[in-house]
Amino acid sequence: MSNAVGDFLYLGFKLLTMKIKTCFLLLLLVGGFSFAQTLEQLKVATKKIHEANYNMDFDSITKFSYPKIVTHYGKDKFLEKLDHDYQNETYRMRIQLENVVFEYGSIRLIDGVNFSVVSFKNPARYFYENKLDSNTSLIQANFLREKDRTRDVTFEPKRNSFNVRRTSKLVGVADASTQNQWRFFNMDDPEQRALFDSIFNENIKNQLGL
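In our numbering, the protein residues as written are 2 to 211.
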C-alpha cells in the first residue's frame, strides 16, 4: 500500500471517528435537554396541583389528576368527592402551607410510561363541627392517623381541631392518556391509592418504592 493511500485511509478513519463522536455528543445534549425539559414540566405541574389543593380549586385539581381517576368517578361525582373531603358534616380540612419544598424522585420510564414520586411536608388542620370530648377526640385522632398515615396528630381543645403533620406523596404519570403531560395520583387519598394499584402492576409499584 502506497503512502498516499495509507494517508487517505487514515484521514478517512479520523473523519469518521470525529463524526461518530459529534453524533454521540449531540445525542447526549438532546437527551439531557429533553430530560431537563421533562423535569421542568413536572415541577410546574406539581406546583399547580398543590396550589389547587391549597386553594380548594376543585376544577384545577380535576384537570391535573390522572384521567382514569376522573373517569372512575365521573367528573361531577369526583368534584363532589373533593368537596366532601375538604368540608362535610363532621369537619372542615384545610392545608396549612401554600409554599412547600418538593422532593422529586427519579423520572422513570417503565413500559412506555413516565413516573415520578414527589414527596413534601404538607400539614393539615381539621376543624370539627361538634365539640369533641376526651373520648371522641381519641377516636378521631386514631381516624386521622390512619387516614393520613402519620402518628403526628395533636388535638387542640380550645380550637376543637386537630393539627396533622404529614408527609404527602404525589405520583406523577405522563403517558398517552395524558398526551404526555404530567398528571397525578394523590396518595393521601386511600381510594386513589387503590386505583393506582388496580391500574398499574406490582412491578411498577416496587420500582417506584410504593
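A virtual CB, placed ideally from N, CA and C, is assigned to each residue, including glycine.
- Following the DSSP letters along the chain, one finds threonine 155 inside the beta strand (DSSP E) bounded by residues 154 to 157.
- For isoleucine 111, the enclosing beta strand (DSSP E) begins and ends at 109 to 111.
- For asparagine 56, the three-state secondary structure derived from DSSP is coil.
- The C-beta separation of valine 119 from glycine 106 comes to about 7 angstroms, placing the pair in contact by the 8 angstroms criterion.
- Less than 8 angstroms divides the Cβ of lysine 49 from the Cβ of phenylalanine 65.
- The continuous beta strand (DSSP E) containing serine 169 extends over residues 168 to 175.
- Aspartate 189 counts as buried, since no fewer than 16 other beta carbons sit within 10 angstroms of its beta carbon.
- Only buried fits glutamine 141, as 16 or more other CB atoms lie within 10 angstroms of its CB.
- In the structure shown, asparagine 187 falls within a strand segment according to DSSP collapsed to helix, strand and coil.
- Under the Cβ criterion (8 angstroms, minimum of three pairs), the segment 41 to 60 counts as touching the segment 78 to 95.
- The C-alpha of isoleucine 108 lies about 18 angstroms from the C-alpha of serine 178.
- Glutamine 88 is bridged by DSSP to Arg93.
- Per DSSP, the continuous alpha helix (DSSP H) segment holding lysine 69 begins and ends at 68 to 74.
- Going by C-alpha positions, isoleucine 70 is about 25 angstroms away from arginine 126.
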